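Engineer: All you need for my numbering is the position in the sequence shown, starting with 1, plus 17.
Heads up, the beta-carbon is just placed ideally off N, CA and C, and yes, glycines get one too.
Since the structure is predicted, the reported quantities are computational estimates derived from the model, not experimental observations.
Next up is a structure, given as structure tokens.
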Amino acid sequence: MKSKFKIVFIAFFLSLFFLACQKDYKYENRFNLLTKRTWQVKTFINYTENQTLITKNAKYYFKENNELIKIYENNEIVSTIWQLSKDSNFLIIGNNTFKITELNRKVMSLRYGDVEIFFIPIKE
Numbered sequence: 018m019k020s021k022f023k024i025v026f027i028a029f030f031l032s033l034f035f036l037a038c039q040k041d042y043k044y045e046n047r048f049n050l051l052t053k054r055t056w057q058v059k060t061f062i063n064y065t066e067n068q069t070l071i072t073k074n075a076k077y078y079f080k081e082n083n084e085l086i087k088i089y090e091n092n093e094i095v096s097t098i099w100q101l102s103k104d105s106n107f108l109i110i111g112n113n114t115f116k117i118t119e120l121n122r123k124v125m126s127l128r129y130g131d132v133e134i135f136f137i138p139i140k141e
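Here is the structure:
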């Protein structure tokens, strides 16, 4: 009986130890996807009005120091701060919080109320 208790106790302790030391891979993965690519808006959809809007071409650079730099075709530059929420389900840009509905190597989709913005990575 004591040996079973020891085994259960050791297994519990080890699992607790590994859970406490585990990195948040989802956060790291999303952070890297944002910062290692240059993004551009492909589609901007307003679901309330059921329409797709045309936007100016701009390049979005999510810097590792949490600075977002947006460069338009006419070389106008706008910058602000950005950050991922702790659970990495939301992206905060300036004072706005976007729900990340998709983020992978091919597309980033951000939702803000009834608006969804689809970004694609571009090569430079």
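Could you give the C-beta distance for residue 50 and residue 120, rounded to a whole number, given that I count them as a contact under 8 Å?
Structural biologist: As a first step, residue 50 must be located in the sequence shown, where it is residue number 33. As a first step, residue 120 must be located in the sequence shown, where it is residue number 103. The pair is a contact, with the Cβ atoms about 6 Å apart (cut-off 8 Å).
Engineer: Which full runs of the beta strand (DSSP E) of 3+ residues lie inside the stretch 66-140, going along the chain?
Structural biologist: 68-70, 75-79, 84-89, 94-101, 107-110, 113-120, 125-129, 132-139, all fully within the stretch 66-140.
Engineer: Out of 57, 130, 134, state which residue places its alpha-carbon closest to the alpha-carbon of residue 88.
Structural biologist: Along the sequence shown, one-based indexing puts residue 88 at 71. Considering only alpha carbons, the answer is 57.
Engineer: Once you ignore the five residues that flank residue 109 on each side, which residues in its own chain have a CB closer than 6 Å to its CB?
Structural biologist: One-based indexing of the sequence shown puts residue 109 at position 92. So the qualifying residues of the chain are 100.
Engineer: Quick one, which of 71, 78, 125, 116 has its alpha-carbon nearest residue 94's?
Structural biologist: For the purposes of this step, residue 94 is taken as the residue at position 77 of the sequence shown. Of 71, 78, 125, 116, the residue nearest in Cα terms is 78.
Engineer: In whole angstroms, give me the CA-to-CA distance for residue 84 and residue 91.
Structural biologist: Position 67 of the sequence shown, counted from the start, is the residue given in the question as residue 84. Position 74 of the sequence shown, counted from the start, is the residue given in the question as residue 91. The straight-line gap from Cα to Cα measures roughly 21 Å.
Engineer: For the ligand NAD, any of its heavy atoms closer than 8 Å to the Cβ of residue 84?
Structural biologist: No copy of the ligand NAD occurs in the structure displayed, which carries no ligand at all.
Engineer: Could you tell me the distance, in whole angstroms, from the CA atom of residue 98 to the CA atom of residue 62?
Structural biologist: Within the sequence shown, the letter at position 81 stands for residue 98. Within the sequence shown, the letter at position 45 stands for residue 62. Taking the straight line joining both Cα atoms gives about 24 Å.
Engineer: Specify, as a first and last residue, the run of the alpha helix (DSSP H) that residue 53 falls within.
Structural biologist: What you label residue 53 is simply residue 36 of the sequence shown in a count that begins at 1. From DSSP, residue 53 is part of no alpha helix (DSSP H); its letter is neither H nor E.
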